[in-house]
Amino acid sequence: MKLTQLLAGILAGTALISTAAHAEITLRNAITGEQLDMSFAKKGGDTEAFKQFMQDGKNPYNGNEEVIAEGESLYMTGCSGCHGHEAEGKLGPALADDYWTYPSGETDKGLFEILFGGAQGMMGPQYVNFNTDEMLKIMAFIRSIYTGDTSKAKWLK
Ligand code: HEC
């Protein structure tokens, strides 16, 4: 009797753990593949939108004009110096076309991973300057000025 109860308890426990693990996406560094340490995240970014993003890896801000305007201003402050005012590319590559050094950038999860964890050289981790909610806003702006082939826009699927 006791053993059955114990086993039932273990089974229920495992079910709980696996549901929790499936509910969330795992964010990884674009270069090393190591899991991103979210403890570096600046305060204030754990919004409803970010929580939603952590469920399915899709940016809930895409297409939201008000948020895109905010994202544009954040982009101008933190990214345009290297990527150009229209994300046409400068020191860093263009971000509005459909060519990606890191093809993972075609998904919102992948784009977030490049922003949060950084890539090579001058592309340092952006958690230094922006919280996770602001990163989603910047991403929504970048998607809004996309000039590439829509069939390659995986984030729309
Ligand atoms: C100091 C200059 C600098 C700043 C500031 C900067 N970047 Fe970058 N970024 C770069 C460079 C250089 C690369 C190329 C790195 C590589 O190839 O690994 C890059 C790469 C990227 C990539 C990968 C592009 C691809 O084709 O795969 C994305 C996305 C990106 N940056 C977004 C941003 C965003 C958004 C911001 C602002 C939050 C930002 N960067 C701020 C210099 C910068």
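Numbers -23 to -1, 1 to 134, taken from mature numbering (1 follows the signal peptide of the UniProt record, and there is no 0), label the letters of the sequence shown in order. Built from N, CA and C at the ideal position, the CB exists for glycine as well. This structure is a prediction, so every number in the text was calculated from the model and none was measured.
Any chance the stretch 115 to 130 sits against the stretch 37 to 49, with 3 or more Cβ pairs inside 8 Å? Using a C-beta cut-off of 8 Å, the stretch 115 to 130 makes contact with the stretch 37 to 49, since at least three inter-stretch Cβ pairs fall below that distance.
Is any heavy atom of the ligand HEC found at a distance shorter than 7 Å from the C-beta of residue 135? Nothing about residue 135 can be read from this structure; the chain reaches only from -23 to 134.
Run through DSSP, which three-state label would Q12 get? In the structure shown, Q12 falls within a strand segment according to DSSP collapsed to helix, strand and coil.
S128: buried (16+ other C-beta within 10 angstroms of its C-beta) or exposed? So S128 counts as exposed.
Cutoff 7 Å; reference G66; Cβ partners in own chain excluding five residues on either side: In its chain, beyond the 5 residues on either side, H60 have a beta carbon closer than 7 Å to the beta carbon of G66.
Supposed close pair A71, I122 - CB separation, criterion 8 Å: Incorrect: roughly 10 Å between the Cβ atoms, too far for contact.
Taking the alpha helix (DSSP H) that C59 belongs to, which residues open and close that run? In the DSSP assignment, C59 falls within the unbroken alpha helix (DSSP H) covering S57 to H60.
Exposed unless 16 or more other CB atoms sit within 10 angstroms - verdict on Y76: The residue is exposed, with fewer than 16 neighbouring Cβ atoms inside 10 Å.
Looking only at its chain, what residues have a beta carbon closer than 7 Å to the beta carbon of Y104, apart from the 5 residues adjacent to it on each side? Here the set comprises F17, A18, K19 and F93.
Taking D74 as the reference, give the member of Q32, D126 and D110 with the closest Cα. Ranking the options by Cα distance to D74, first place goes to D126.
Can you give me the Cβ contacts of Y38 inside the same chain, cut-off strictly under 8 Å, excluding the 5 residues immediately before and after it? So the list reads A26, V44, I45, G48, L113, K114, M116 and A117, once near-sequence residues are dropped.
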